[in-house]
Amino acid sequence: MQKLYDILNENWPDIDFEKEEKLIDDGVLTSLDIVMLVGELNDAFDIEITADELLPENFNSASAIEALVKRLTAE
Amino acid sequence: MANGVTDWLWEAACACPAKTAFSDSSETVTYWELARQAASAAKKIRRMLDGEKRLPVGVLIGRNAASVTAFLAVAAAGCFYVPLDPSLPEKRLRDILGVVKPRLILDASGKVPAAVQGYAVAPLSELTGGEAEYPADAGIMDSDPLYCIFTSGSTGIPKGVLISHRSVINMARAFSTVLPIDESSVFGNQAPFDFDVSVKDIYLTLYHRARTVILEKSLFSIPKRLMEVLNRERVNTLVWSVSAMKILSALRTFRSAYPEHARLIMFSGEALPARILGEWQDVLPDAQYVNLYGPTEITCNCAYYRVNRRFADGEPIPVGKPFDNMNVFLLSPGGESPVTQPGEVGEICVTGAGLALGYYAEPEKTARAFVTNPLTKGWDERMYRTGDLAKYDADGNLVFVGRADSQVKYMGFRIELGEIETAAQSVPFVQSACCLFDERREELWLFYQADGQNDAALLAALREKLPSHMIPRRVRYFEILPQNRTGKPDRGLLRQTYLT
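Chains as they are written, first to last, in the numbering used here: chain A, 1 to 75; chain B, 1001 to 1500.
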């Protein structure tokens, strides 16, 4: 999953993904960030994140995003 | 007209007191309650300002009905409001406050930022108590200012666009003449209250005794929940920025849900790609779609285009023809003669009832932007030069072509690239900076020359100075920034190397 952290750190170098637990709830990632992140994740992991997956519990932290990517790549 | 736009509120409070006017994620306010709270707060505001009128009053805004109450209270006190987003970087808020110098700031957000230290701040909730009483006549003239909204300024300091009651009254009447808005309209407010797209939600709601649902910002990151809210609240009228529609499209929202009750969908802020319009037309074929055009300086919009067909991919959607009481025309590059032939490009110029009073406390900038119409002989008619270039199509509709300067539209916000460069160059380790906008990918690029590479520190410093929509998406470090023959950053080379 190093690839995921590379994507996060390269695109949002000033966000501390080790600590942030409310990326969506606190508006750390805006809707435009989510658009960009979903596009990068879809391309990098050959998955399709649908609108139904776009929930705070899947995007509030790096570990939640990691869990989502792992689930979708396993499907 | 004794009370400007607030007359609509007092009349609605008598005509439909129990009807919901505005609601947010935690509060619902009826017309009666809104009028009572606004009248009560207005009385106290007048007292705090020693009865002086036509003064700026800051309002710390949230995504809530309380912000609307605060706006109307300020208006009812005979003053004008300046929406202030408490989440803006401290420097930007200080810049705005430095221009406005408000004697009073109302807090409708519950978040008091450090930048307002030293100013008199009153929580709105402490002003709205008290028995219902008929509001005092504020003695407002319709030429008095109603609000001041700040936009990006090329020199690094934002400009406050001052809009009168008269212009907003004209806007509401003009929209209502040509578009199906009435008391059954339910608006889904997407735009923040310091962005003038939201002015339509507020005042078209009051004018028609309609209802507005204020949507949480985070809902646009969670489209499934957004659609649930829109459908639960039976939202049927949208006045949205194109950026919001682009986001929903990129997140493939309509594959799982869509706003089932939407019947009038108005969009503005930038050009909507025909592909995205088509996605909406697929799920809502019977809805009416309207492209709105206009900068903040002419009170929301001066022209509109009612979409009456499907557009081919890449085909521009016209910005259309003028609203009532607005004259919108093209002037040649020299600014002396009109452009009337289809296909010929000119600058969009505007005269009429929507023109702003000017930029607050900025007489020189006002004089540069609001000039005398060279086509009117015999008297001085005020004209606003938009800086937007357009041409006429065969049907006489205006079609947007581009900008005459370095201003760009990103996420619906106007951005002066010079403002980002000024902010970057004020970071101590940065020696020189150049900002470009990639129109195709819709990304801001910042190229900088510094003592050493430190992208994270530069971005962190910019976040302290600029709002989030002005933070560059791509940053490139140079030991020596490429220069052209005049010693300025070589924009052409940078664009060619990195953006194409």
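From the three backbone atoms N, C-alpha and C, an ideal C-beta is built for every residue, glycine too.
The model shown is predicted, which means the values in this text are computed figures rather than measured ones.
Sequence-distant residues of the same chain with beta carbon closer than 8 angstroms to residue i, five excluded per side
i	result
T1030 (chain B)	P1017, A1018, K1019, T1020, A1021
E1464 (chain B)	P1089, E1090, K1091
I1480 (chain B)	Q1449
S1023 (chain B)	V1029, A1065, R1211, T1212, V1213, I1214, E1233
Own chain residues within Cβ distance below 6 angstroms of residue i, not counting five before or after
i	result
D1405 (chain B)	G1387
A1257 (chain B)	M1227
Q1425 (chain B)	A1433
Supposed close pair residue i, residue j - CB separation, criterion 8 angstroms
i	j	result
D1095 (chain B)	P1158 (chain B)	6 angstroms
V1059 (chain B)	A1070 (chain B)	5 angstroms
F1370 (chain B)	Y1392 (chain B)	Their Cβ separation, rounded to whole angstroms, is 24 angstroms, which puts F1370 (chain B) and Y1392 (chain B) out of contact at 8 angstroms.
L1493 (chain B)	P1482 (chain B)	5 angstroms
E1419 (chain B)	S1152 (chain B)	5 angstroms
Y1305 (chain B)	V1290 (chain B)	7 angstroms
G1412 (chain B)	S1241 (chain B)	3 angstroms
Pair within 8 angstroms by beta-carbon distance, residue i and residue j
i	j	result
N1231 (chain B)	H1261 (chain B)	yes
S1167 (chain B)	G1004 (chain B)	no
A1174 (chain B)	L1204 (chain B)	no
E1186 (chain B)	V1235 (chain B)	Note that residue 1186 (chain B) is Val in the sequence shown here, rather than Glu. It is a contact, given that the beta carbons lie within the stated cut-off.
N1189 (chain B)	L1215 (chain B)	yes
T1177 (chain B)	Q1037 (chain B)	no
Q1281 (chain B)	R1310 (chain B)	yes
A1361 (chain B)	V1099 (chain B)	yes
R1054 (chain B)	P1145 (chain B)	yes
G1320 (chain B)	N1397 (chain B)	yes
L1331 (chain B)	E1347 (chain B)	yes
L1097 (chain B)	Y1081 (chain B)	no
P1318 (chain B)	V1399 (chain B)	yes
V69 (chain A)	L41 (chain A)	yes
P1113 (chain B)	P1086 (chain B)	yes
T1366 (chain B)	G1358 (chain B)	yes
Simplified DSSP state of residue i, which is helix, strand or coil
i	result
M1001 (chain B)	Unreliable placement is indicated for M1001 (chain B), whose pLDDT of 47 sits below 50; the coordinate value is still reported in the next sentence. Here M1001 (chain B) sits in coil by DSSP.
P1123 (chain B)	strand
S1025 (chain B)	coil
N58 (chain A)	helix
G39 (chain A)	helix
S1221 (chain B)	helix
G1110 (chain B)	coil
A1367 (chain B)	helix
G1402 (chain B)	strand
A1303 (chain B)	strand
F1195 (chain B)	coil
S1143 (chain B)	coil
K70 (chain A)	helix
Q1281 (chain B)	helix
Y1448 (chain B)	strand
V1427 (chain B)	coil
I1214 (chain B)	strand
V1082 (chain B)	strand
Range covered by the beta strand (DSSP E) that runs through residue i
i	result
R1441 (chain B)	Neither: R1441 (chain B) is in no beta strand (DSSP E) and is coded neither H nor E.
M1266 (chain B)	1264 to 1268
D1388 (chain B)	1382 to 1392
N1327 (chain B)	1326 to 1331
R1414 (chain B)	1413 to 1416
S1167 (chain B)	No beta strand (DSSP E) holds S1167 (chain B); the alpha helix (DSSP H) holding it covers 1165 to 1178.
V1074 (chain B)	V1074 (chain B) -> not in any beta strand (DSSP E); alpha helix (DSSP H) instead, spanning 1065 to 1076.
L1493 (chain B)	It is not in any beta strand (DSSP E) - L1493 (chain B) instead sits in the alpha helix (DSSP H) that spans 1491 to 1494.
L1499 (chain B)	Here L1499 (chain B) belongs to no beta strand (DSSP E), and DSSP marks it neither H nor E.
K1043 (chain B)	Run containing K1043 (chain B): none in the beta strand (DSSP E); it sits in the alpha helix (DSSP H), 1031 to 1048.
C1349 (chain B)	1346 to 1352
Q1341 (chain B)	Q1341 (chain B) -> no beta strand (DSSP E), and no H or E assigned at all.
T1006 (chain B)	Here T1006 (chain B) belongs to no beta strand (DSSP E); instead the alpha helix (DSSP H) covers 1006 to 1015.
Q1407 (chain B)	1407 to 1410
Y1360 (chain B)	Per DSSP, Y1360 (chain B) belongs to no beta strand (DSSP E) and is neither H nor E.
Cβ shell of residue i (< 7 angstroms), same chain only, five flanking positions each side left out
i	result
S61 (chain A)	E20, E21, L23
V1239 (chain B)	F1187, V1197, K1200, D1201, M1266
L1375 (chain B)	P1338
S977 (chain B)	Residue coverage of chain B in this structure runs from 1001 to 1500, which leaves residue 977 (chain B) outside it and unanswerable.
P1223 (chain B)	L1248, L1251, T1253
R1225 (chain B)	L1219
For residue i, the first and last residue of its enclosing alpha helix (DSSP H)
i	result
Y1477 (chain B)	Unbroken run through Y1477 (chain B) is the beta strand (DSSP E), 1474 to 1478; no alpha helix (DSSP H).
D6 (chain A)	2 to 11
R1092 (chain B)	1090 to 1100
L1248 (chain B)	1242 to 1250
L1459 (chain B)	1455 to 1463
Minimum Cβ-Cβ distance from residue i to chain D less than 8 angstroms
i	result
A1456 (chain B)	Absence of chain D from the displayed structure is noted, the protein chains being A and B.
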